[in-house]
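If you read the sequences in order, they're chains A and B.
When the letters of the first sequence are read in order and numbered with the working numbering, they come out as residues 24 to 134.
When the letters of the second sequence are read in order and numbered with the working numbering, they come out as residues 2 to 114.
Single-structure report; data block below.
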Amino acid sequence: EAAVTQSPRNKVTVTGGNVTLSCRQTNSHNYMYWYRQDTGHGLRLIHYSYGAGNLQIGDVPDGYKATRTTQEDFFLLLELASPSQTSLYFCASSDDWDEQYFGPGTRLTVL
Amino acid sequence: QQKVQQSPESLIVPEGGMASLNCTSSDRNVDYFWWYRQHSGKSPKMLMSIFSNGEKEEGRFTVHLNKASLHTSLHIRDSQPSDSALYLCAASPANYGNEKITFGAGTKLTIKP
């Protein structure tokens, strides 16, 4: 069974704060993704990467940075968090055409 | 911008009944469809994928795809309470795989015992 872990699982910060969400996969997958999930919108792709050092822009990238430091690790950075970024964040990994394997999610609240 | 529409938004089906969920893409370039299931408080897990016109069956689950209308449907027969979940449809264009995948907002399915 493919394994994707995320940390922290819950995070509360204030408007203007810095937040880093971490994701690690042990599947040897090339692709990693960051999504946000909000009621009525499903999953929306923020950024993705197809290898260490690579970063691609997704559909809703504004206010987010990301970095893929190794094959296993992918980070999402919110440098000036806003209340509109309150959401449930999922990381996923996959090979190109195969199913995506999702982590357990991080619930972020920006006050 | 690709858009994936799912209907209905929510559905209640009696235990043992048939659940039918629909999904349509507005992007003519879409070629591949996935169905993911997300139980409450959990992460999404892929249920089925379909890339060719026609029907695909796995146990109690059947997926249909009509590429001409960019419509896919998921049918669950003999529905069980454990099938209660959010069902997410996803689509992507040919040659892009997961890079251009777009998810719909989902159908919340509730199976009533």
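The C-beta atom is built at its ideal place from N, Cα and C for all residues, glycine as well.
Original post:
Between the segment 28–39 of chain A and the segment 115–124 of chain A, do at least 3 Cβ pairs fall closer than 8 Å?
Top reply: no
Original post:
Is the CB-CB distance between Leu78 (chain A) and Ser72 (chain A) below 8 Å?
Top reply: yes
Original post:
Of the choices A:Phe98, A:Arg91, A:Ile69, whose alpha-carbon is the least far from that of Asp85 (chain A)?
Top reply: A:Ile69
Subject >> Amino acids of chain B, ordered along the chain, whose beta-carbon sits closer than 7 Å to that of Trp57 (chain A) >> reply: Simply none; closest approach about 13 Å.
**OP:** To the nearest angstrom, report how far apart Ile51 (chain B) and Ile80 (chain A) are at their CA atoms.
**Re:** 26 Å
**OP:** Find the residues of chain B that neighbour Ser117 (chain A), judging by a C-beta separation of less than 9 Å, and give them in chain order.
**Re:** Gly98, Asn99
Subject >> Residues in the segment 64–75 of chain A having any Cβ partner in chain B nearer than 9 Å >> reply: His64, Gly65, Leu66, Arg67, Leu68, Tyr71, Tyr73
Original post:
Is any beta-carbon of chain B found at less than 8 Å from that of Tyr54 (chain A)?
Top reply: yes
Original post:
With 16 as the cutoff for other CB atoms within 10 Å, does Met19 (chain B) come out buried or exposed?
Top reply: exposed
Original post:
Tell me, which residues are paired with Trp36 (chain B) by DSSP?
Top reply: B:Met49, B:Cys90
**OP:** Could you tell me which chain D residues have their CB closer than 7 Å to the CB of Ala106 (chain B), listed as they occur along the chain?
**Re:** Of the chains in the structure shown, none is chain D; the protein chains are A and B.
Original post:
Among A:Asp82, A:Asn50, A:Pro106, A:Thr38, which has the Cα closest to the Cα of Thr28 (chain A)?
Top reply: A:Asn50
Subject >> chain A contacts made by the segment 19–31 of chain B, where a contact means CB separation under 9 Å >> reply: none
Original post:
Taking just the CA atoms, how far does Thr25 (chain B) sit from Gln60 (chain A)?
Top reply: 20 Å
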